[in-house]
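Beneath this line is the structure, given in structure tokens, with notes to follow.
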Amino acid sequence: MRPFTPAARSLSGPVASSATPVKSILKPVSLLSKKRSLSDDVADPSDPSESPTKRRKVLFDEIKNVTYEVGRRTMDDVKREVRVALEEHLRGNDGQYDMLKDLFANDKQRYLPPVIGEEDDTLKPHELQVYVMALTSCIPILKGKECNGLVRTILGCTWLGRDEAFVKVFTHFLAALVSAQGSYLVPVLLKLVDKFRDTNPSVWTVPDFPDVSRDEMRQRLHSAIQYLLQIFPSAVAVLENILGTKFPFPDESMRIHMAYIHNLLRVKDYVPDLRDEILDLILNRVVKIDSQMQLDLEDLDDDVTAAVMYALRENQRQASDWEECNSDDDDDGDSVDSDDLDYDQEAMRIKTVKESVEKMDAVLDTLFTFYTPHFMNPGSDKAFDMFTTILREFDHMVLPTYKSRHTQFLVFHFAQQHERLTDAFCGQLMATAFQGNTPNVLKQAAASYLASFVARGAHVPKHLVRTMFMLLIHHLEQYRRRYEPLCRGPDLRRFHPYYSLVQATLYIFCFRWQDLVVSAPDMVEPDDPASYIGQDLEWVGTSKQDLSVQIFGKLNPLKVCAPVIVEEFARLAHRLNFMYIYPLVESNKRVRLTQFLSSTYATGGALRDTGSDAQAESFHQLDPYFPFDPYQLPISKRWLVEDYVHWKSVPGLNADDDDDSDDVGDSEDDDRVEEHTATDSENDDLE
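Position 573 of the sequence shown, counted from 1, bears residue number 573 in UniProt numbering, the numbering being contiguous throughout.
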């Protein structure tokens with residue numbers, strides 16, 4: 001038979017002698033030589049189409065109006081053959097119906113020519129297309145629930161790896177099926193979205209057809225989805241739900257995640273109404289992976305964390321290579337036999353965490369790449385519109401997530417592209433941190449994000465640093481007046497919003513103190529931080545006096561704030577003549593936070609044992625957590641190179657600690673410092 005491909009030929013003329021007839025394949029091989037074919041049973045012997053001079057009939061694809069050729073048997077013959085199989089199935093005779101199912105269930109079998117002298121009764125590669133067209137004409141019968149099994153089998157066939165003609169015919173079949181029976185819309189879309197996960201060509205390749213590239217496969221897939229959505233606009237809502245349902249689970253491989261996300265972003269291009277929903281879906285899943293990965297990392301000891309970082313450096317990929325790695329990567333987790341004597345639980349933990357870090361790295365690099373073109377003109381309304389989307393996602397998904405470690409750097413990066421965007425981000429955080437109806441946990445988170453952004457953002461202007469610093473002090477005074485009459489001593493449980501704001505204020509001072517200096521003597525060199533030491537400096541507004549009132553007040557915030565931040569603030573404030581707090585720091589060492597707790601505020605009415613248990617004391621202090629501490633995902637950190645203020649020690653800041661501070665904060669040793677902070681937010685680079 002001549003392959004069923006588009007033919008730009010004359011519609012008249014004899015059939016070539018080499019043309020092969022389309023035979024009925026709905027009978028067992030053993031019966032083909034003994035009984036008449038099904039077409040002989042259903043065809044009229046007087047049908048002129050069987051005349052040797054009229055063996056060819058032209059068909060027109062209803063989608064693209066493409067002309068096809070059929071051999072000695074007409075398309076009507078094949079339609080009758082399929083219709084008889086379906087009608088017999090409805091009567092309880094499933095022989096031909098089951099053979100029709102087998103055609104599609106085994107559609108990837110390679111065609112083997114018959115032995116010389118034997119009849120060729122094997123389905124040829126291109127002949128399956130004829131049966132799809134015939135089934136399309138039988139949709140009124142096929143739509144019934146009695147034929148669900150056949151429909152499911154057809155939907156599962158490998159259609160994306162065949163030729164363009166088959167893809168068009170199959171797409172027409174899907175549209176006709178859904179049009180006739182709306183209940184098939186969900187299973188059709190489920191099958192299509194399932195293919196978003198495919199990255200290995202072996203999944204869609206069909207023998208006897210030219211290889212189809214990944215890009216071409218995806219183009220065909222999305223063309224089919226787009227065609228269905230054009231015919232059935234209401235299917236957009238169904239597709240939205242399916243996209244969320246089919247998103248890969250967190251423990252699935254990086255390849256599957258990246259394939260699915262790339263396909264999601266393609267859907268956004270031709271269904272603009274789903275843009276925000278698709279971006280929300282991606283970020284929501286990223287946040288979940290991020291927070292879980294951080295919890296896993298905190299459970300690991302330093303040696304295991306170092307091993308993870310080493311493994312990442314040994315196996316770095318460029319952003320374009322995420323889907324090009326060996327297909328065996330997906331099965332690595334299954335290749336370890338738990339019964340193997342050499343099975344190493346720690347090695348598996350390292351491998352699991354490494355895969356999570358790589359997955360986060362790949363997804364965030366993709367998101368940075370996606371958003372960047374929208375900020376080519378960062379002051380434009382187009383850029384602001386996209387930033388509004390990023391900010392909304394941050395407010396709804398990232399901010400409420402405890403200890404998200406990396407996802408927030410999307411807003412960190414793009415908020416610094418223009419002062420308009422910076423103001424929008426800081427304004428959003430201030431509204432959350434200081435609104436009366438906001439839960440305390442969100443107030444604390446917003447204060448931490450605001451302080452961390454102002455401290456770490458390299459492009460945050462000086463005037464904004466000063467404004468935010470003074471604003472925090474202003475709100476601290478309001479909290480102090482409200483809480484001090486109720487205070488017996490430092491109590492994190494009762495006065496949590498106050499302490500979180502104090503820690504945020506100290507953190508900004510430690511990183512941006514030079515921006516808070518209004519004037520300095522002539523001998524001070526602005527580019528030399530050490531020249532400020534011991535000088536009589538003028539600080540912004542009344543910040544020096546106002547912050548002193550907070551620190552030496554009855555609430556005693558230095559006892560509750562993280563010791564690492566208090567220690568660094570004490571050094572800087574003393575040597576810069578801002579404030580001298582060492583006597584208070586020393587006296588706080590004799591204060592036990594638990595002595596100010598009552599059963600009213602302790603969990604379950606039970607007090608923790610104080611004694612000399614350092615862990616019990618730290619339980620009542622703030623975490624040294626600031627969400628924009630060093631970002632260390634190895635590939636995607638390239639987007640933040642110019643955005644970030646790294647911690648730098650000031651030479652001569654403290655003569656007794658010069659050696660220590662050189663080891664910790666020297667900018668020439670940033671790589672070593674960042675290695676320790678790459679996966680553990682609690683060990684930030686202030687240490």
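Even for Gly, the Cβ is constructed at its ideal location relative to N, Cα and C.
Nearest candidate by alpha-carbon position, reference residue 523, set 536, 291 and 215: 536
For residue 95, three-class secondary structure by DSSP: helix
CB contact below 8 Å: residue 504 versus chain B: You won't find chain B in this structure, because it holds only one protein chain.
Three-pair Cβ contact test at 8 Å for the stretch 161-171 versus the stretch 215-224: yes
Cβ shell of residue 342 (< 7 Å), same chain only, five flanking positions each side left out: In this prediction, residue 342 scores a pLDDT of 47, lower than 50, which makes its location untrustworthy; no coordinate-derived value is stated.
Where residue 427 falls: helix, strand or coil (DSSP): helix
Between the CA atoms of residue 133 and residue 215 - distance to the nearest angstrom: 26 Å
Beta-carbon proximity check, residue 690 vs residue 476, cutoff 8 Å: The first residue shown for the chain is 1 and the last is 687, placing residue 690 beyond what the model contains.
Separation of residue 108 from residue 187, as counted between CA atoms: 22 Å
7 Å CB neighbourhood of residue 555 in its chain, flanking five on each side removed: 480, 483, 484, 487, 490, 495 and 498
Exposed unless 16 or more other CB atoms sit within 10 angstroms - verdict on residue 71: Because the pLDDT at residue 71 is just 45, under 50, the model does not fix this residue reliably, and the point stays unresolved.
Through-space distance from residue 574 to residue 588, alpha-carbon basis: 17 Å
Contacts around residue 382, its chain only, beta-carbon distance under 8 Å, and the 5 residues preceding and following it disregarded: 374
Length of the line joining the Cα atoms of residue 150 and residue 87: 13 Å
Three-state class that DSSP yields for residue 642 in the structure shown: coil
Terminal residues of the alpha helix (DSSP H) in which residue 519 lies: Looking at the DSSP string, residue 519 is not in any alpha helix (DSSP H); the run it does join, the beta strand (DSSP E), is 517-519.
Close-in-space but distant-in-sequence residues of the same chain around residue 395 (CB under 8 Å, 5 per side omitted): 428 and 432
Through-space distance from residue 83 to residue 129, alpha-carbon basis: 16 Å
6 Å CB neighbourhood of residue 267 in its chain, flanking five on each side removed: none
Cα-Cα separation between residue 285 and residue 250, rounded to whole angstroms: 8 Å
Boundaries of the alpha helix (DSSP H) in which residue 403 is found, first to last residue: Counting along the chain, residue 403 falls outside any alpha helix (DSSP H), and DSSP gives it neither H nor E.
Distance between beta carbons of residue 248 and residue 689, contact taken as under 8 Å: Coverage of the chain is limited to positions 1 through 687, which leaves residue 689 absent and any answer about it impossible.
Proximity of residue 571 and residue 622 at Cβ, strictly below 8 Å: no
Exposure of residue 436, with buried meaning 16 or more beta-carbon neighbours within 10 Å: exposed
Where residue 245 falls, given that 16 or more other Cβ within 10 Å makes a residue buried: exposed
Contact under 8 Å by Cβ, residue 289 with residue 360: yes
Exposed unless 16 or more other CB atoms sit within 10 angstroms - verdict on residue 176: buried
Buried or exposed (CB count within 10 angstroms, at least 16 for buried), residue 630: buried
Residue 231 classed as buried or exposed, judged by whether at least 16 other C-beta atoms fall within 10 angstroms: exposed
Euclidean distance between Cα positions of residue 240 and residue 127: 35 Å
Proximity below 8 Å, CB of residue 468 to CB of residue 510: no
Cβ-Cβ separation, residue 581 to residue 503 (assumed contact under 8 Å), whole Å: Not really, about 14 Å apart at Cβ, beyond 8 Å.
Residue 463, buried or exposed, once every other Cβ within 10 Å from all chains shown has been counted against 16: exposed
Between the CA atoms of residue 415 and residue 552 - distance to the nearest angstrom: 35 Å
Assigned exposure category for residue 348 - 16 Cβ within 10 Å defines buried: exposed
Cβ shell of residue 64 (< 8 Å), same chain only, five flanking positions each side left out: Low per-residue confidence applies at residue 64: pLDDT is 43, beneath 50, and the placement is therefore not dependable enough to give any value.
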